[in-house]
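In the UniProt record's numbering, the protein residues as written are 1 to 278. Heads up: the structure comes next, in structure tokens.
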């Protein structure tokens with residue numbers, strides 16, 4: 001279980017560096033702090049030192065908040081339905097280590113000895129920043145850095161351009177949903193789930209949040225061999241590795257180690273399809 005959580009966290013974290021918007025916002029914030037020099041740094045540090053100071057401080061704070069948000073999203077998945085609020089809780093928890101990190105950097109840079117009062121004040125002051133970090137990381141994970149998430153447009157009107165000159169893999173043919181995804185995320189469909197007003201789509205090549213009703217997303221799976229197993233979950237048949245029945249509850253074990261629940265109306269169909277794996 002711990003290996004599965006760590007694997008999922010590492011997978012999400014590897015996706016974040018590819019977010020163009022994440023880096024643009026980070027660079028803009030560091031540049032802004034370096035220019036205006038808040039908290040007395042304008043008077044005490046020349047520009048290059050001020051730039052280095054704010055770069056190090058923000059890099060440490062952002063990384064801590066992003067890691068905490070990702071782990072919060074994974075650890076609270078079975079408790080809180082909303083991906084955004086799972087990440088928000090994880091990010092706000094990061095205010096504790098971020099406050100300590102900021103106090104440590106200030107001590108190393110300026111010689112200011114931290115106290116319990118200054119540390120507590122730093123943690124409180126960091127809470128709004130952690131909330132902002134959460135929003136940024138949520139948007140980055142939702143659209144892999146592209147703020148334009150496809151809406152309920154007609155998928156036939158959205159051009160489907162393969163990522164290479166070669167013919168698209170067979171798994172992409174006959175699946176209109178692929179036209180809604182970024183080219184780098186188009187691959188064999190694995191599973192879909194409801195995330196607030198979005199549909200969370202996972203393929204063999206990535207994951208993305210699409211602003212689309214779940215029922216419409218299922219319809220757009222086309223000829224992909226899969227089925228709905230819960231009001232909030234759809235799974236491709238070849239992505240299922242096993243069936244678990246514990247305490248009267250049935251779950252499907254997926255190829256990435258995750259488990260999704262099977263609700264009562266779908267149990268008979270699931271048993272018929274996956275009885276050889278039970």
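By construction, the Cβ of each residue, glycine as well, lies at the ideal position given by its N, Cα and C atoms. Note that the structure is a prediction, hence the values are computed from the model and not measured.
Check	Outcome
In terms of DSSP beta bridges, what is residue 202 paired with?	191 and 207
CA-CA distance, residue 205 and residue 183?	10 Å
Which one of 76, 244 and 132 has the shortest CA to CA distance from residue 259?	244
Are residue 321 and residue 220 touching if we call contact CB-CB under 9 Å?	In the structure displayed, the chain extends from 1 to 278; residue 321 sits before or after that span and is not available.
Return the residue from the list 108, 255, 37 and 262 that minimises the CA-CA distance to residue 249.	262
Looking only at its chain, what residues have a beta carbon closer than 8 Å to the beta carbon of residue 218, apart from the 5 residues adjacent to it on each side?	192, 228 and 234
Short check: CB of residue 51 to CB of residue 30, under 9 Å?	yes
Going by DSSP, what residue range makes up the alpha helix (DSSP H) through residue 267?	267 to 274
Helix, strand or coil for residue 43 per DSSP?	helix
Assuming residue 226 contacts residue 189 under a Cβ cut-off of 8 Å, what Cβ separation, rounded to an integer in Å, is found between them?	7 Å
Measure the alpha-carbon distance for residue 133 versus residue 106 and round it to whole angstroms.	21 Å
Starting from residue 108, trace the alpha helix (DSSP H) in both directions and tell me its first and last residue.	95 to 110
Assuming residue 260 is part of the beta strand (DSSP E), what are its boundary residues?	259 to 262
Whose C-alpha, out of 96, 70 and 103, is nearest the C-alpha of residue 113?	103
Identify whether residue 116 lies in helix, strand or coil by the three-state DSSP scheme.	helix
Tell me, please, whether the CB atom of residue 119 is closer than 9 Å to any CB atom in chain E?	Looking at the structure shown, chain E is missing, and only one protein chain is on hand.
To the nearest angstrom, report how far apart residue 100 and residue 123 are at their CA atoms.	8 Å
Is it the case that the segment 82 to 91 contacts the segment 42 to 51, given that we only count it when at least three CB pairs across the two stretches are under 8 Å?	no
From residue 21 to residue 73, what distance separates their C-alpha atoms?	20 Å
Can you tell me which of the three DSSP states residue 76 falls into?	coil
Taking 9 Å as the cut-off, decide whether the C-beta atoms of residue 65 and residue 94 are in contact.	yes
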